[in-house]
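Chains as they are written, first to last, in the numbering used here: chain A, 2 to 481; chain B, 225 to 458.
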């Protein structure tokens, strides 16, 4: 997330690989179908109730974050764990590196974690000569390919099984067939010795249950349980917004999460870790990461982006994500959640184009299990980009601003507006072909490169006036 | 936008409403509700346009009907929040928000009319515009009206409620992505086997109609009103 270059969504989208887009569409389609089936089985009305409950739980937790975080800290320490506070990505990396150095760690097994991506943990570990093995199958694949996740829950969503097989052949020096079960087995065999050898396991966390100080991790492959049980040290790096009050809340959230991610009633492995336990790692460290979250919390509109439980449903259903793939968003978080979080974390100077990468169609908000008002937050960030607010100064290009001002003047005066329409009808004639203007000069060609512009047509107001004049004398005086 | 690019839709709406016994009025001073500004981040300009729009309609009474879910949704859901609670403007916005209705809502829910006597013997598919469907929760009304049209055969449209890629400013900020989305929509329309696709939202209509023309497809995109006006004087 510590990028300094502006994210150019248009350019990235233009460069999106057709293979990535095709695989993305296929895989999001499958995920959505499974989700729809399991939600239908649950019952639409019940599901809406559950979403409402999820929204309230998360909002309550965020509103009382100070109290619940203190509770987490107290309970984790009481259970023999250690708690670290990281203001930003750099502090978080330093904490992990220091722990690794103290324990003489040479290799690490990792559980899939978006926060780890956010703080660029792997490159920092590699720079110290520590090998970090991603153990989630999707993460294992993208790590092997030297890529980054293109989706927050299915990191390798942009790849087909054939591509994965080819990758395994090339990088693992094996003869792999494009059969998912066999590919999984190859990854398993490859990773098993790393689980046994690792000096440290690193995870993120899906939730932190405040009342007991319990870290909740869900995985479908069991790698989460293994990586947080076998190595002698477990470090969990978790965003401060992940706290929920109690186990009753956890029951609601787990139901919402499993159905929204993968269309399952329950995730295959639900791992609950409370401090140090018998037979587990000798040390448990919880790193609580802020990295801009408390600033987002101060923003009354945007704070609801922090309700997110990282299910990926918004991305799966987003018609734009499905046309461009995850990489076009140029950041760790993609799709609608990325279009909110990236500009919130990096600022609209660098990521102000992302809130505009939406038609405000609302498909995402319809599926969001915690009812984040996504279009609302995108509008809020568009305003920030254009007008600025108490968080940032505006960064809209001057030309666009001038165009808006002119548009406002023309549309703001009925006389100018009518004049504009008349001029439009006159000046369009050389460009006209039937009812259409097939191509227009820049910047209007941004419209006509996709489809023709409809020609300005006959005068509706004139028609209306003529009719009124014809009708009124017969009706006598009518008033408005 | 409607009066210059789709004047026929407006004329037909007026004629149809009058035929159903509705007295129509057109406030001279109205131009645009301000949504294109507001949704592009130019909220100050959007608010100014809203003030003008409210002034244009302040002295009218009765329902305010538009052939667009997008404009209606904006006035209904956005206007009140633009002005501080307790202000004169806020009060006015709340009152106006209670009076705006999208055309099919007005016919089905206020006039309680689903059969306007139209006849349109064609295979018709229906696109679900986002702001109408999700924004105003208008799903059944257009279908009820279509089902009552003589000879009309409703055809299933794949991904009928997926955005067509217009999205106001989105279409020009990210034209390539907008184009790809529009082509997906047009592709679904073409394979549906429909002769006509109903697109009851001016923005989507201009987008999809243009897309069909560009694809040299014989499928016509029409506003619901244009279909209801067909041989309607029965």
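Even glycine gets a Cβ: it sits at the ideal position worked out from N, Cα and C.
Identity of the residues DSSP links to residue 288 of chain B by a beta bridge: According to the DSSP secondary-structure assignment, residue 288 of chain B is paired through a beta bridge with B/324.
Between residue 82 of chain A and residue 287 of chain A, what straight-line distance do the alpha-carbon atoms span, to the nearest angstrom? Looking at the backbone, the Cα of residue 82 of chain A and that of residue 287 of chain A are separated by about 7 Å.
In this structure, does DSSP put residue 472 of chain A in helix, strand or coil? Correct three-state label for residue 472 of chain A: helix.
Rounded straight-line distance, which links the Cα of residue 369 of chain B to that of residue 481 of chain A: Because residue 481 of chain A carries a pLDDT of 33, less than 50, the predicted location of this residue cannot be relied on, and the following value inherits that uncertainty. When only Cα atoms are considered, residue 481 of chain A and residue 369 of chain B end up about 29 Å apart.
Measure from the C-beta of residue 399 of chain B to each C-beta in chain A and report whether the shortest distance is under 8 Å. Interface residue (Cβ-Cβ distance to chain A less than 8 Å): residue 399 of chain B is classified as such.
What are the complete alpha helix (DSSP H) segments, minimum 4 residues, inside the segment 245 to 320 of chain B? Fully enclosed alpha helix (DSSP H) runs of 4 or longer: 259 to 262, 267 to 282, 293 to 297, 303 to 306.
Less than 8 Å between CB atoms is the rule here; does residue 269 of chain B satisfy it with respect to chain A? It does; some Cβ of chain A falls within 8 Å.
Contact under 8 Å by Cβ, residue 295 of chain B with residue 412 of chain A: Between residue 295 of chain B and residue 412 of chain A, the C-beta gap is not smaller than 8 Å, which leaves the two residues out of contact.
For a contact meaning CB atoms closer than 8 Å, what does residue 448 of chain A contact in chain B? Residues of chain B passing the Cβ test: 395, 396, 399.
What's the C-alpha gap between residue 126 of chain A and residue 185 of chain A? About 26 Å.
Provide the residue span of the alpha helix (DSSP H) that contains residue 331 of chain B, from first to last. Premise fails: residue 331 of chain B is in no alpha helix (DSSP H) and is neither H nor E.
Counting Cβ pairs closer than 8 Å, one from the segment 422 to 432 of chain B and one from the segment 392 to 408 of chain B, do we hit at least three? Taking 8 Å as the limit for Cβ pairs, the verdict is that the segment 392 to 408 of chain B does touch the segment 422 to 432 of chain B.
Would you decide whether residue 49 of chain A is buried or exposed? Buried here means 16 or more other CB atoms lie within 10 Å of its CB. Label assigned to residue 49 of chain A: exposed.
What does the alpha-carbon distance come out to for the pair residue 224 of chain A and residue 137 of chain A? Their backbone Cα atoms lie some 6 Å apart in a straight line.
In whole angstroms, what separates the C-alpha of residue 390 of chain B from that of residue 77 of chain A? Cα to Cα, the separation comes out at about 51 Å.
From B/400, B/396, B/388, residue whose alpha carbon lies closest to that of residue 445 of chain B: For the residues B/400, B/396, B/388, the minimum Cα distance to residue 445 of chain B belongs to B/388.
Output yes if chain A places a C-beta closer than 8 Å to the C-beta of residue 382 of chain B; else output no. No - not a single Cβ of chain A is within 8 Å of the one on residue 382 of chain B.
Consult DSSP for residue 347 of chain B and reduce its assignment to one of helix, strand or coil. DSSP places residue 347 of chain B in strand when its eight states are reduced to three.
Which residue spans inside the segment 238 to 324 of chain A form an unbroken alpha helix (DSSP H) run of at least 4? Counting only runs of 4 or more, we get 248 to 263, 294 to 298, 314 to 318.
I'd like to confirm the pairing. Which residues does DSSP put opposite residue 330 of chain A in its beta bridges? Answer by DSSP bridge pairing: none, since residue 330 of chain A is not bridged.
Counting pairs of beta carbons, one from the segment 98 to 106 of chain A and one from the segment 319 to 338 of chain A, are three or more of them closer than 8 Å? As far as the Cβ criterion goes, the segment 98 to 106 of chain A does not touch the segment 319 to 338 of chain A, which means the pair count is below three.
Top-ranked residue by Cα proximity to residue 353 of chain B, from B/305, B/361, B/322: Among B/305, B/361, B/322, the Cα nearest to that of residue 353 of chain B is on B/361.
Spatially closest choice to residue 294 of chain A from A/241, A/261, A/262, by CA coordinates: Minimum Cα distance to residue 294 of chain A is reached at A/241.
From residue 309 of chain A to residue 56 of chain A, what does the alpha carbon distance come to, in whole angstroms? Going by the C-alpha atoms only, they are around 9 Å apart.
Alpha carbon of residue 434 of chain A to alpha carbon of residue 455 of chain A, nearest angstrom: Roughly 10 Å separates the two Cα atoms.
Select from B/279, B/258, B/291 the residue whose C-alpha is nearest the C-alpha of residue 406 of chain A. Nearest in C-alpha terms to residue 406 of chain A, of all of B/279, B/258, B/291, is B/258.
For residue 118 of chain A, would you say it is in contact with chain B, using Cβ-to-Cβ distances shorter than 8 Å as the test? No, no contact with chain B.
Is the Cβ-Cβ distance between residue 289 of chain B and residue 240 of chain B less than 8 Å? With a cutoff of 8 Å on beta-carbon distance, residue 289 of chain B and residue 240 of chain B are scored as not near each other.
If I follow the unbroken beta strand (DSSP E) through residue 27 of chain A, where does it start and stop? No beta strand (DSSP E) holds residue 27 of chain A; the alpha helix (DSSP H) holding it covers 19 to 43.
Residue 312 of chain A vs residue 337 of chain A beta-carbon contact at 8 Å: Not a contact, by the Cβ cut-off of 8 Å.
Confirm, please, whether the CB-CB distance from residue 327 of chain B to residue 413 of chain B is below 8 Å. In this structure, residue 413 of chain B sits away from residue 327 of chain B, with a CB-CB distance that is not shorter than 8 Å.
Return no unless some Cβ of chain A is closer than 8 Å to the Cβ of residue 416 of chain B. Chain A, which has no Cβ nearer than 8 Å to the Cβ of residue 416 of chain B, makes this no.
For a test of the three-state rule: what should DSSP assign to residue 403 of chain A, helix, strand or coil? Taken through DSSP and simplified to helix, strand or coil, residue 403 of chain A comes out as helix.
CB contact check: residue 18 of chain A to chain B, cutoff 8 Å: False, the Cβ-Cβ gap to chain B never drops below 8 Å.
Short CB-CB distance (under 8 Å) between residue 458 of chain A and chain B: For residue 458 of chain A, the answer is yes, since a Cβ of chain B falls inside 8 Å of its Cβ.
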